[in-house]
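One structure is given here, and the rest of the page talks about it.
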Amino acid sequence: MEQTSNIQVQKVKLGNQGLEVSRLGFGCAGLSGMLNTPLSHEDGCSIIKEAFSKGVTFFDTSDVYGYKHDNEIMIGKALKQLPREKVQLATKFGVRFTPDMKVIISGTPEYVRECCESSLKRLGVDYIDLYYQHRVDTSVPIEDTIGELKKLVEEGKIKYIGLSEASVDTVRRAHAIHPITAVQMEYSLWTREIEDDIIPLCRELGIGIVSYGPLGHGFFGGKAAVESLPKNSAMNRHPRFIGDNLEKNKLLYNRFADLAAKHSCTPPQLALAWLHHQEDRVVPIPGTTKTKNLDANIGSLRVKLSREDVKEISNAIPPDEVTGEREMSILSGYCYKVVNTPKWDTISGNFVVVDHDIFWSSDHPGIDLVVTSPGGNTVHSVKGTSGDKFELKAPRSGMYKFCFHNSYSTPETVSFYIHVGHIPNEHDLAKDEHLDPINVKIAELREALESVTAEQKYLKARDARHRHTNESTRKRVIYYTIGEYILLAIASGLQVAYIRRLFSNAQVAEQGVLRFLLSHTPMVIEFLLNESEKYIDGVVQLHERNRKLLRCLLSWVQAGCLSEISAPSLPAHPLLSFVFNSLQRLASLQALSKFSNYSTLIDTAMQL
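Sequential numbering of the sequence shown, starting at 1, is according to UniProt numbering.
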């Protein structure tokens, strides 16, 4: 067994953002049985503590490892027995499984925050050193996901951001929002795809590379090649470990074992040493449940290779001779080569008015536009005047609310909705987003947004015949209100006529009219007084028929109330003095007519 007591596990910088980790990490997934039989929490904590005591301080877990987040809970227990400031803790979010083992990928801001806060509780820590998006959500723009992670960094809940199995485009776009510290990719002698694209990109952007599966999921440790796989091992379903694929890959292992003997080390040590000697600093995170394998992994740091050695080892395992896909079928659709996140949709439009002479003036305060995302956050806010253009990037798919506020229109705030991005179907995982039931394609609404502003939209729907300034809007309200109460007056006239038929006593009919007026007219009088004092010209210039109706209504009120104001048969009413004072003020308006009795009033009303 390899002795590790005198091997010092050095610290290396992972990326250019300041994170330092042990040169060899520890992948914790296997402790909770992701690939084989799980360990008890006691045994799992024991091997973590032993790894720490031997210089391995970089531990990798995920909220999806183990039944009901068992792996994070186990790591949390181990951390309570270790100095937190000397441990570099990495965990992940974004992947979960249904009971029938279907994969669900999620990267919405709400889910990001929920996962982070849950992981912090399970791990029993105040912060996470490196927080990865485990797999890319192809329905959510990466800018949206990283935007939320950036907030978590600012809040001190995470220190560094990472991505796993992310495409070149996704990494570049994410890095533009907030620096990415590391990408975690499968990288080993028999999985070297990232050498063509991801590694050059990381070199350019100063991003570190964390290698998962550095031993080919145990292949370079002799699993399946020398010894049979355990019956409960997930590798029994891996394409490279089954049938003819395995037989062909065994030939590669035998060739590689000969090279390991040449360098006086074991095959897994040579596989790890090959990663340590790559030009770009790669931090492998092999996992194990056995102390002897832990010691052997640390022993790989002893192996020294020249450039010629590295080249010879690379040529011994040509990528085109490795048989079988690198991922099991359940995850094959989420590899970095085939996934990408949608780009932000651009929404643009103009603040436009129909008639500058009527609508716009030099002192107009402008129209305020506020756009709210499906999650309820304000994503865009701008003030514009006629002719100004607005443009925003929609950071996620879903239903966006556009609120236009114009103090010169009624109502002052107008809202409508636009659906951005793909429209989910019944079985789409994105159906959990806050979506309006009416799903309208963005293309169908962009044209409407750019051609009709919110103010025009409202005016056309309300009354295409009118164009309103602040003053004309008030006049229209007067017009509508007067019309409503004229109808009330006509209806009450018919009521009086009906009462006079039923009762011969004229005083009873008169009291019925007065009671009606006392209960309905004060609000009319108050409204007309207020509005007539402000816009008396508007009232006088009403249509001739409407002016006759107004005279009829006001004269009726005046004649009825003045003739019965002191009638002893009527109980005291709190509105009598108000009505009397209001009528005195109305009497000064020359537009009023005098009616001597109810008959004349009713006859006039019936003729209109």
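Note that the Cβ used here is the ideal one computed from N, Cα and C, for glycine as well.
Residue i versus residue j: straight-line alpha-carbon distance, rounded
i	j	result
T57	M399	45 Å
Q17	D196	24 Å
T341	N6	47 Å
I47	R281	26 Å
R84	L294	21 Å
H178	G216	32 Å
Y187	Q278	11 Å
T138	Y334	9 Å
H41	Q8	28 Å
Q81	G384	59 Å
T289	D43	9 Å
C202	I161	14 Å
E447	T170	Because the pLDDT at E447 is just 40, under 50, the model does not fix this residue reliably, and the value given afterwards should be weighed accordingly. When rounded, the distance between both Cα atoms is 30 Å.
A257	L229	19 Å
L149	S264	45 Å
D368	F97	44 Å
S381	G147	18 Å
R585	S373	Only weak support is given to the placement of R585: the predicted model assigns it a pLDDT of 45, under 50, and the value that follows is read from those uncertain coordinates. The alpha-carbon atoms of R585 and S373 are separated by roughly 54 Å.
P200	G287	27 Å
H422	I198	Below a pLDDT of 50, predicted positions are generally treated as unreliable, and H422, at 46, falls in that range; no measurement from the model is reported.
H238	D63	23 Å
L24	V210	10 Å
H51	L123	The sequence given here has Ala at residue 51, not His. Their backbone Cα atoms lie some 18 Å apart in a straight line.
M185	L252	22 Å
M523	G483	Its pLDDT being 49, under 50, M523 is placed unreliably in this model, and the coordinates cannot settle the point.
Q269	N297	6 Å
L31	K262	32 Å
K77	L120	13 Å
D244	K250	10 Å
N236	C403	56 Å
E117	R240	37 Å
I313	R192	13 Å
K86	R172	31 Å
G27	P214	10 Å
G15	I207	4 Å
residue 611	V371	The structure shown does not extend to residue 611, since the chain spans only 1 to 608, so no value can be given for it.
K68	V310	42 Å
E89	H405	Inspection of the sequence shows that residue 89 is occupied by Leu rather than by Glu. Cα to Cα, L89 sits roughly 48 Å from H405.
A443	E391	In this prediction, A443 scores a pLDDT of 37, lower than 50, which makes its location untrustworthy; no coordinate-derived value is stated.
V103	V322	27 Å
Y336	K223	26 Å
L272	V12	16 Å
M34	G66	6 Å
L19	G55	16 Å
C45	V21	20 Å
Endpoints, beta strand (DSSP E) assigned at residue i
i	result
A90	Q88 to F93
D60	F58 to D60
T381	The sequence given here places Ser at residue 381; Thr does not occur at that position. Here the beta strand (DSSP E) through S381 covers T378 to G384.
L369	I367 to T372
Identified DSSP bridge partners for residue i
i	result
F97	V103
Y334	Paired residues: none, contrary to the question.
V12	V21
G27	D60
K223	E227
Extent of the continuous alpha helix (DSSP H) to which residue i belongs
i	result
A78	D70 to L79
G44	H41 to S53
D309	R307 to A316
E20	Unbroken run through E20 is the beta strand (DSSP E), E20 to S22; no alpha helix (DSSP H).
K130	At residue 130 the sequence reads Leu, which differs from the Lys that was named. Not the alpha helix (DSSP H): L130 falls in the beta strand (DSSP E), residues I128 to Q133.
V136	It is not in any alpha helix (DSSP H) - V136 carries neither H nor E in the DSSP assignment.
P109	P109 to L123
Query raised in the report: Counting Cβ pairs closer than 8 Å, one from the region 312–321 and one from the region 69–86, do we hit at least three?
Result: Under the 8 Å Cβ criterion, the region 312–321 does not count as touching the region 69–86, having fewer than three qualifying pairs.
Query - Contact between the region 265–285 and the region 155–162 (3+ Cβ pairs under 8 Å) - result: Result no; under three Cβ-Cβ pairs closer than 8 Å.
Requested in this report: Only counting runs of 4 or more residues, tell me where the alpha helix (DSSP H) segments fall wholly within the region 233–295, in order along the chain.
Outcome: If only complete runs of 4 or more residues are kept, the region 233–295 shows the alpha helix (DSSP H) at 243–262 and 267–276, in order along the chain.
Report task. Check whether the region 80–96 touches the region 108–118, taking contact to mean three or more Cβ pairs, one atom from each stretch, closer than 8 Å. Result -> Touching, yes.
**Report entry** Runs of alpha helix (DSSP H) wholly within the region 141–216 (minimum 4 residues, chain order)
**Finding:** Listed in chain order, the complete alpha helix (DSSP H) runs (minimum 4 residues) inside the region 141–216 are 142–154, 168–177 and 198–205.
Query raised in the report: Are the region 297–307 and the region 218–235 touching by the rule of at least three beta carbon pairs closer than 8 Å?
Result: Per the Cβ contact rule, the region 297–307 is not in contact with the region 218–235 (fewer than 3 Cβ pairs under 8 Å).
**Report entry** contact_flag[the region 113–131, the region 139–147] where n(CB pairs < 8 Å) is 3 or more
**Finding:** Fewer than three Cβ pairs drawn from the region 113–131 and the region 139–147 lie within less than 8 Å of each other, which leaves the two stretches out of contact.
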